[in-house]
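Read through the structure below, which is laid out as structure tokens, and then see the notes.
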Amino acid sequence: MPLLELDNISKTFPGVCALDGISFDVHSGEVHALLGENGAGKSTLVKVMTGVYARDSDKSNEGEKSTIKFCGQELSVLELASPANVQKLGISTVYQEVNLLPSLSVAQNIFLGREPKKFGLIDWKTVRKNSQILLQRFNLNIDVTRPLADFSVAVQQLIAIARSVDMSAKLLILDEPTASLDTKEVETLFRILSQLKSEGLGIVFITHFLDQVYEISDRITVLRNGRKVGCFKTSDLPRTTLIQHMLGKELQELAQREKPDPLKQGVEDLRDAHLRLKNVSVGSTLTNINLDVPHGQAVGFAGLLGSGRTEVCETIFAITPHQSGTMVYNGKVCKFKNPGQAIAASIALCPENRKSEGIIGELSVRENIILATQVREGWWRSIRKHKQQSLSKQAIQEFGIVTPDAEKPINQLSGGNQQKVVLARWLATQPKLLMLDEPTRGIDIGAHVEITKLIKKVCAEGMTVLVTSSEIEELVAFSDQIVVMREGKQVAELSGNDISEANILAEITNA
Amino acid sequence: MHNTSPETEIRAEKSEARLPIFPRRLLWPLVALSLLFLVNLLISPEFFHLEVKDGRLYGSLIDVLNRSVPVAFLTIGMSLIIATGGIDLSVGAVMAIAGAVCANLMVGGVDNLFIVVGGGLCAGLVAGAVNGGLVGYFKIQPIVATLVFMVAGRGIAQLINGGQIVTFQNANFAFIGVGSAFGLPFPVVLLVGVLLCVHLLMRKTALGLFIEAVGCNPKASYYLGINVAVIKFFVYCLAGVLAAMAGIVATADIQGADANNIGLWLELDAILAVVIGGASLLGGRFSLAASIVGVLIIQALSTTIILSGIEPKFNLLIKASVVILVLLLQSERFQTQIKTLFAMCDPRDRHNVGRELDGL
Ligand SMILES: Nc1ncnc2c1ncn2[C@@H]1O[C@H](COP(=O)(O)OP(=O)(O)OP(=O)(O)O)[C@@H](O)[C@H]1O
Ligand SMILES: [Mg+2]
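Line by line, the protein sequences are chains A and B.
Just so we're aligned, residue 6 is where the first sequence starts under this note's numbering, counting upward by one.
Just so we're aligned, residue 1083 is where the second sequence starts under this note's numbering, counting upward by one.
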């Protein structure tokens, strides 16, 4: 008997049919992967089964009834009325966007709503101690009394996962838990998941990383455009078939690394540096960063969580201006005071945390796309309406953003599509130096390949690109230079033929 | 660069005809205002009576408009401040300061209208700049920062007035409050002009968009290169100047500066008007038109109560009830609950309603 069984579930939003008659089931002791392109309906399905959204009511004329059964019992409307109710039944969920409370401490977040009590009062000591023990299971040694907002997205995501794992549920649902994690954290997570699985837990797992799917899942359900393509045993489904099911067509392979062109290398020496950092330091987060990037090169930043990759980008973009050292950009020493000045100098930064630093939720897709360009133009000259429309239309087409129209508030788009909007926003400013911090976070495999191509293309046109990514394979595909970071320091640089996954991994791990 | 499959397009086609944001925002406030008018039509048809005397329109409707002017000025500023996620409690006190400055300039022998009015506006600008500085640059909670001026402001106005009610004789200045132009009271004409200017400033430049962006997500706005502090500083300054205008109109109307009573509690009316206009106090989208409709609702309500002959002691109670009703009508939660109520009778439709808001 399946642990959770959905039958004939539909969900319509104004103008979008997000789910169309989906059936889905999970058994105890199984990992069931839910796959599909951006906007396929994965997160919506999760939200329907956890009581965030109400499913569409049955159409009386079309026969079949829609049901959601848990442990063999049909769940009533009341039981599905709110996420809290569903959680009480034993379904614990980590949603795609971390929805913990940023200003509360890590420990408070972990035990929110289920605090241990002593004499009727919350026992803070136990809260702290237990959170520390819990996080240690995830190899996370952090001060649990600090507010959640102090930590990077990846750490926040781990904390959210730890919280849900700790709730001793019967079913665990993880919506893209690994989107911003490094290999090491993913390993830890999978170790814990396997353990939970052997204890008889059912697990629903959403991701865009196919390697991870094959590593951990037992069955795969593929969605496309709100419809179910099928449910398969992982061991019976070859990768290429899986991709075909997801995209509805074949995928061009991820562009392979090209041998560096000796001619191009010769010329490179002659080219003047576009960006040069000399002994740049920021407090204790960055020490003595040196970087020399010629025009039209792509530099990849590799490293573990919290190694200072994001901080390098933020320093260049003047979010946290550098305190010592010099930055030479376009042949001039620059010390920007705020991001506005950096943008005026044709620099762009697509930030890591899409929800808090990227999208402006209430504003429309169109406004989100043109905002950065508008900032560059200045507040006085508003971009003409039809120009805005054509810019956003172009971006929607170019990036394949799934949305009924450009006037939809961006927070109604699926996670991956929001990411594409943020990318489109910065490319629309036609920057000379483009920094992408985890640009492919939450983006599906088709778009992944496209973004790698895009980076190569803009480099060829002379744009300088700095990319931070936890996906080494992707860095290898387009980087001319790799900088490996650890604890705010540069520990290695690789270029030319030295750039390979093995070499980078070796540099990251060799402590 | 990516495949958009034909199915996606089909899904998109089902999209309902979208109303632009503007009318949707205006819908409920306009419904409420119409209802108020309807009540008046039933209980006191003279409410709609208009007559022309000496080339100027007279009647209750014109009265409502004219009396709304000070609050309307405050509301324009308040809409923008609330859009940035802030609030300004000091605008009533700033009205008093501006009035005191103008009155004392005239009593002190200044005859030039531009200097008098300019002085008043400058006082408002300074007050706004202090608020804006505290909120924008020192990152003090808006409610606290402006509370300072709310309390101290009246004290300052009293100091300027020397503890007296300062009256003056100046026909030119009085015109601002009691004159007429284009057949309408001059304050109304002034308001329409200012409203138009602010609207153009917001929507023909990108300022309105930046303000909304800052209100929705200040951090992302900063990452976008928007100078969040400057935007906040600017809206408080603008609100200060608008409050001074309200103060000047009110002072000119009674030809005297009464530091204790001018603009008393009007900041609350302004906040209420913005909320009735459908804005969220958390910041984000704003609509000046909707806020102004909010002002008209408040003012029409007061006039209606007076005209209907209800005992004055019920005034505030009725006002509060109507306001709560308007706000409930706008609440999505309330709307879905009402729908649930209806749906209960129709068992097939039960999943469809409720709780879209829960848990998000
Ligand atoms: N609250 C909402 N209002 C309107 N439309 C929505 C809402 N939430 C999702 N949608 C639409 O439903 C569709 C499916 O979205 P969903 O978030 O389930 O995609 P997904 O498969 O999780 O994609 P991703 O891989 O990008 O996370 C999208 O087209 C999206 O625009
Ligand atoms: Mg999703």
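We put the beta carbon where it would ideally sit given N, CA and C, even for glycine.
Quick caveat: nothing in here was measured; it's all calculated off a predicted structure.
*ligand 1: which residues have Cβ under 5 Å from any of its heavy atoms, chain order?*
F18/A, V21/A, A23/A, N43/A, G44/A, A45/A, G46/A, K47/A, S48/A, T49/A, V407/A, Q417/A, L418/A, S419/A, G420/A and G421/A
_K1286/B - partner residues in DSSP beta bridges_ = Within the second sequence, numbered from 1, the residue matching residue 1286/B stands at position 204. Bridge partners of K1286/B: none, in fact.
*The alpha helix (DSSP H) spanning P414/A covers which residue range?*
Taking the first sequence and counting its residues from 1, the one referred to as residue 414/A is at position 409. Premise fails: P414/A is in no alpha helix (DSSP H) and is neither H nor E.
*Is the beta carbon of D25/A within less than 7 Å of some heavy atom of ligand 2?*
Taking the first residue of the first sequence as 1, we reach residue 25/A at position 20. No.
_Using the three-state DSSP reduction, which class does A349/A fall into: helix, strand or coil?_
As a working note, residue 349/A is residue 344 in the first sequence. Reduced to three states, the DSSP call for A349/A is helix.
*For the candidate residues N1243/B, L1348/B, L1139/B and Y1304/B, whose alpha-carbon lies nearest to that of A1263/B?*
Locating residue 1263/B in the second sequence gives position 181, counting from the first residue. Ranking the options by Cα distance to A1263/B, first place goes to L1139/B.
*Answer yes or no: does any C-beta atom of chain A fall closer than 8 Å to that of L1320/B?*
Walking along the second sequence from the start, residue 1320/B turns up at place 238. False, the Cβ-Cβ gap to chain A never drops below 8 Å.
*Would you check whether ligand 4 has a heavy atom nearer than 7 Å to the C-beta of Q141/A?*
Within the structure as shown, ligand 4 is missing, the only ligands being ligand 1 and ligand 2.
*Leaving out five residues on either side along the sequence, give the residues of the same chain with a beta carbon under 8 Å from the beta carbon of L268/A.*
By 1-based counting over the first sequence, the position of residue 268/A is 263. Residue confidence is low: L268/A scores 44 on pLDDT, short of 50, so the model does not pin down where it sits. No coordinate-derived value is stated.
*So which residues on chain B does S387/A lean against when the C-beta distance must stay under 7 Å?*
On the first sequence, position 382 is the one that residue 387/A refers to. By Cβ distance, chain B contributes K1286, T1287 and A1288.
*Test item: CB-CB of I225/A and A38/A under 8 Å*: Position 220 of the first sequence, counting from 1, holds the residue named residue 225/A. Position 33 of the first sequence, counting from 1, holds the residue named residue 38/A. Yes. Within cutoff.
*To the nearest angstrom, report how far apart L8/A and I178/A are at their CA atoms.*
Here residue 8/A corresponds to residue number 3 of the first sequence, with the count starting at 1. Here residue 178/A corresponds to residue number 173 of the first sequence, with the count starting at 1. Taking the straight line joining both Cα atoms gives about 13 Å.
*Should E512/A go down as buried or exposed, given a rule of 16 or more other Cβ atoms within 10 Å for buried?*
One-based indexing of the first sequence puts residue 512/A at position 507. E512/A is buried by the Cβ-count criterion.
_DSSP-derived helix/strand/coil call for K437/A_ = Working through the first sequence from its first residue, we reach residue 437/A at position 432. In this structure, K437/A counts as coil in the three-state DSSP scheme.
*Determine the burial state of E1393/B: buried for a count of at least 16 other Cβ atoms within 10 Å of its Cβ, exposed for fewer.*
Looking up residue 1393/B in the second sequence gives position 311. Exposed, because fewer than 16 other Cβ atoms sit within 10 Å of the Cβ of E1393/B.
*asked:* Between the alpha carbons of G1031/B and G383/A, how many angstroms are there, rounded?
replied: In the structure displayed, chain B extends from 1083 to 1442; residue 1031/B sits before or after that span and is not available.
_Among the candidates A465/A, P326/A and I388/A, whose CA atom is the shortest distance from the CA of F1286/B?_
Looking up residue 1286/B in the second sequence gives position 204. As written in the sequence, residue 1286/B is Lys, which differs from the Phe given in the question. With distances taken between Cα atoms, K1286/B lies closest to I388/A.
_Considering only heavy atoms of ligand 2, does any lie closer than 7 Å to the CB of Q200/A?_
On the first sequence, position 195 is the one that residue 200/A refers to. Outside the cutoff, so no.
*Interface residues of chain A around L1291/B at Cβ under 9 Å?*
As a first step, residue 1291/B must be located in the second sequence, where it is residue number 209. The answer, in chain order, is L368, E372, I375, L376, Q379, W384 and S387.
*Please name the residue, chosen from L1273/B, Q1417/B, I1358/B and R1367/B, that lies closest to S1403/B on a Cα-to-Cα basis.*
In the second sequence, counting from the first residue as 1, residue 1403/B sits at position 321. Ranking the options by Cα distance to S1403/B, first place goes to I1358/B.
_CB contact flag (I1313/B, T1166/B, <8 Å)_ = Walking along the second sequence from the start, residue 1313/B turns up at place 231. Walking along the second sequence from the start, residue 1166/B turns up at place 84. Going by C-beta atoms, I1313/B is nearer than 8 Å to T1166/B.
*Taking the runs of the alpha helix (DSSP H) that are 4 residues or longer, which of them lie wholly in the segment 34-105 of chain A?*
47-54 and 88-94
*Segments of 4+ residues assigned as alpha helix (DSSP H) that fall wholly inside the segment 330-385 of chain A*: 344-349 and 370-382
*Coarse secondary structure for A1263/B, derived from DSSP in three states*: Position 181 of the second sequence, counted from the first residue, corresponds to residue 1263/B. A1263/B falls in the strand class under three-state DSSP.
*Taking L1057/B as the reference, which of V1317/B, G1168/B and Y1304/B has the closest Cα?*
The requested residue 1057/B does not occur in the structure, where chain B is confined to residues 1083 to 1442.
_Between D449/A and ligand 2, is there a pair consisting of the residue's CB and a ligand heavy atom that are separated by less than 7 Å?_
Indexing the first sequence from 1 puts residue 449/A at position 444. For ligand 2, not one heavy atom lies less than 7 Å from the Cβ of D449/A.
*Would you say D180/A touches ligand 2, meaning its beta carbon is less than 7 Å from a heavy atom?*
Taking the first residue of the first sequence as position 1, residue 180/A is located at position 175. Answer for D180/A: yes, Cβ within range of ligand 2.
*Mind listing the chain A neighbours of S1303/B? Cutoff is C-beta to C-beta under 8 Å, in chain order.*
Position 221 of the second sequence, counting from 1, holds the residue named residue 1303/B. Neighbours of S1303/B on chain A, chain order: I365.
*So, does the CB of E1414/B fall closer than 8 Å to a CB anywhere in chain A?*
Position 332 of the second sequence, counting from 1, holds the residue named residue 1414/B. No, no contact with chain A.
*asked:* Rounded to the nearest angstrom, what separates T469/A and V1233/B at their Cα positions?
replied: As a position in the first sequence, residue 469/A is number 464, starting the count at 1. As a position in the second sequence, residue 1233/B is number 151, starting the count at 1. Roughly 55 Å between the two C-alpha positions.
*Can you give me, in chain order, the residues of the segment 1358-1386 of chain B that have a beta carbon less than 7 Å from any beta carbon in chain A?*
G1366 and R1367
*List the endpoints of the continuous beta strand (DSSP E) containing F29/A.*
Here residue 29/A refers to the residue found at position 24 of the first sequence. V21 to V31 is the span of the beta strand (DSSP E), which, as asked, contains F29/A.
*Is there at least one Cβ from chain A nearer than 8 Å to G1307/B's Cβ?*
For the purposes of this step, residue 1307/B is taken as the residue at position 225 of the second sequence. At least one chain A Cβ lies under 8 Å of G1307/B.
*Give a single yes or no on whether Q101/A has its beta carbon closer than 7 Å to a heavy atom of ligand 2.*
Residue 101/A sits at position 96 when you count from the first residue of the first sequence. Yes; taking the cut-off as 7 Å, the Cβ of Q101/A has a heavy atom of ligand 2 nearer than that.
*If the cut is a Cβ gap below 7 Å, which residues of chain A does A1165/B touch?*
Reading the second sequence from its first residue, position 83 is the one you call residue 1165/B. Simply none; closest approach about 11 Å.
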